[in-house]
Amino acid sequence: MPKLKCCICKKEIIPNKIGWGRGNNALPVKDGRCCDECNWSVVIPARLKKVKMDKKELIKRLKECENKGNEDAHIEADELLLQYIDDKEITTIWNKISSKFWYA
Ligand SMILES: [Zn+2]
36 MPKLKCCICK
46 KEIIPNKIGW
56 GRGNNALPVK
66 DGRCCDECNW
76 SVVIPARLKK
86 VKMDKKELIK
96 RLKECENKGN
106 EDAHIEADEL
116 LLQYIDDKEI
126 TTIWNKISSK
136 FWYA
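All residue numbers for the sequence shown refer to the numbering used here, where the first residue is 36 and numbers rise by one.
Below, the structure written as C-alpha cells:
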C-alpha cells in the first residue's frame with residue numbers, strides 16, 4: 036500500500052501502533068488525510084468548535100457503524116466520536132464498538 040502524506044504538514048503518515056496507516060480525516064480543515072500530530076493539534080480543536088450533534092442521533096449512528104463493521108464504518112464512527120470526546124457514556128459505547136474493529 037503506498038504511503039500517504041499528511042495534507043496539512045506534508046509529512047509522511049506513519050502507521051500507528053495498531054498498524055493503521057491511513058491517518059485521519061482532516062475535515063473541516065482540509066479535504067484529505069492528516070497525520071496524528073495534525074489531527075490532535077489542528078483538526079480536533081477545529082471540530083470541537085462546531086456544534087455538537089444530538090446525542091441520541093450520535094448513538095444511533097455509532098450503532099449503525101458497529102453493524103456495518105468495515106473500515107469505512109470505523110472511520111465514520113471515529114469521526115462521530117470526536118464530537119463527544121469528553122462524554123463518558125459515548126466513550127463506553129465506543130470502546131465496545133471499536134474492540135470489534137480491532138480484533139475482528
Ligand atoms: Zn501532519
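The beta carbon of each residue, even a glycine, is placed where N, CA and C say it ideally should be. Only a predicted model underlies this, so the values are computations on that prediction, with no experimental measurement involved.
- Query: Are Leu-83 and Gly-58 closer than 8 Å when you measure CB to CB?
  - Reply: It is not a contact, given that the beta carbons lie outside the stated cut-off.
- Message: Going by DSSP in three states, Asn-51 sits in which element: helix, strand or coil?
- Response: Three-state DSSP puts Asn-51 in coil, outside helix and strand.
- Query: Just how far apart, CA to CA, sit Glu-124 and Asp-113?
  - Reply: A direct Cα-Cα distance of roughly 15 Å separates Glu-124 from Asp-113.
- Could you tell me whether the Cβ atoms of Cys-70 and Cys-100 are closer together than 8 Å? It is not a contact, given that the beta carbons lie outside the stated cut-off.
- What residues sit near ligand 1, counting only those whose C-beta is closer than 7 Å to one of its heavy atoms, in chain order? Working through the chain, the matches are Cys-41, Ile-43, Cys-44, Lys-46, Cys-69, Cys-70, Glu-72 and Cys-73.
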